[in-house]
Ligand SMILES: [Zn+2]
C-alpha cells in the first residue's frame, strides 16, 4: 500500500449578480465567482489536489472550459467524476484539508453544510475533512473583495498491485 499527497490551488474573480458556491454549498452574498462552471474554487482546489496525488492531468485538461458540456455545471458533479476515476484505479481518499481565503462573506456558519456536502463525495468522515476560512486582512485583490482563493491538500491511499 502506498500513501500519496496532493496539493491544489485555485482562485476565481468575484462578480456581482452571480450565485456564490463554495464547498458545494450556495452561499448568500451579493456577488459570486466567475467561471465556466459554478466557479466553486474550493471544489476546484480539492479536485486538483486529488488529481495531483494520482499523477493525473489537472482540472483544466480534464474538463476544458472550451467544452460546452461543462458550461454552468456544478463543480460537485466534477468532483464525483474525479473520485470515481480514482476509485476505479484502486485509490481512496484518506483525508483532506482546505483553506479558503475570502475577505467576504463570513463563512463560519457554512462549514458544517460544506462538510455535509463534500464528505460523502470524498468518502470520508467529518473528522477527515478540514475546512478553514480566513480573510486576507484587507490586502490585495482578495482583500478588496475582487476574488476568492483556495488551497487544498489530500492524502490518497493506493492499493498495492495496481495495474498501470
Ligand atoms: Zn476554478
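Residue numbers (my numbering): 37 to 200.
A virtual CB, placed ideally from N, CA and C, is assigned to each residue, including glycine.
All values reported here derive from a predicted model rather than from experimental measurement.
Relative to ligand 1, is the shortest distance from any of its heavy atoms to the C-beta of residue 46 smaller than 7 angstroms? yes
If you reduce the DSSP assignment to three classes, tell me which class residue 73 lands in. coil
Skipping 5 residues on each side, what residues in its chain have a beta carbon closer than 7 angstroms to that of residue 99? 106 and 114
By alpha-carbon positions, which one of 76, 42, 37 and 72 ends up nearest to residue 138? 76
Rounding to the nearest angstrom, what Cα-Cα distance links residue 146 and residue 154 in this structure? 12 angstroms
Beta-carbon spacing of residue 56, residue 73 below 8 angstroms: no
So, under 8 angstroms CB-CB, residue 202 and residue 43 are touching, yes? Tell me the CB distance rounded to an integer number of Å. Outside the shown range of the chain (37 to 200) lies residue 202, about which nothing can therefore be said.
Return the first residue and the last residue of the alpha helix (DSSP H) that residue 43 is part of. Residue 43 -> not in any alpha helix (DSSP H); beta strand (DSSP E) instead, spanning 38-52.
Given a threshold of 16 other Cβ atoms within 10 Å of its Cβ, counted over all protein chains shown, does residue 151 qualify as buried or as exposed? buried
Quick check on DSSP: helix, strand or coil for residue 14? Because the chain is modelled from 37 through 200, residue 14 falls outside the range shown and cannot be assessed.
So does residue 80 have its beta carbon nearer than 7 angstroms to some heavy atom of ligand 1? yes
Assigned secondary structure, residue 168 (DSSP; H/G/I helix, E/B strand, else coil): strand
Given residue 167, which residues of its chain have a CB within under 6 angstroms of its CB, disregarding the five upstream and five downstream residues? 134, 147 and 150
Please tell me whether residue 193 and residue 83 are closer than 8 angstroms, where the distance is taken between their beta carbons. no
Looking only at its own chain, which residues have a Cβ that is under 8 angstroms from the Cβ of residue 179, when we skip the five neighbours before and after it? 139, 171, 172 and 173
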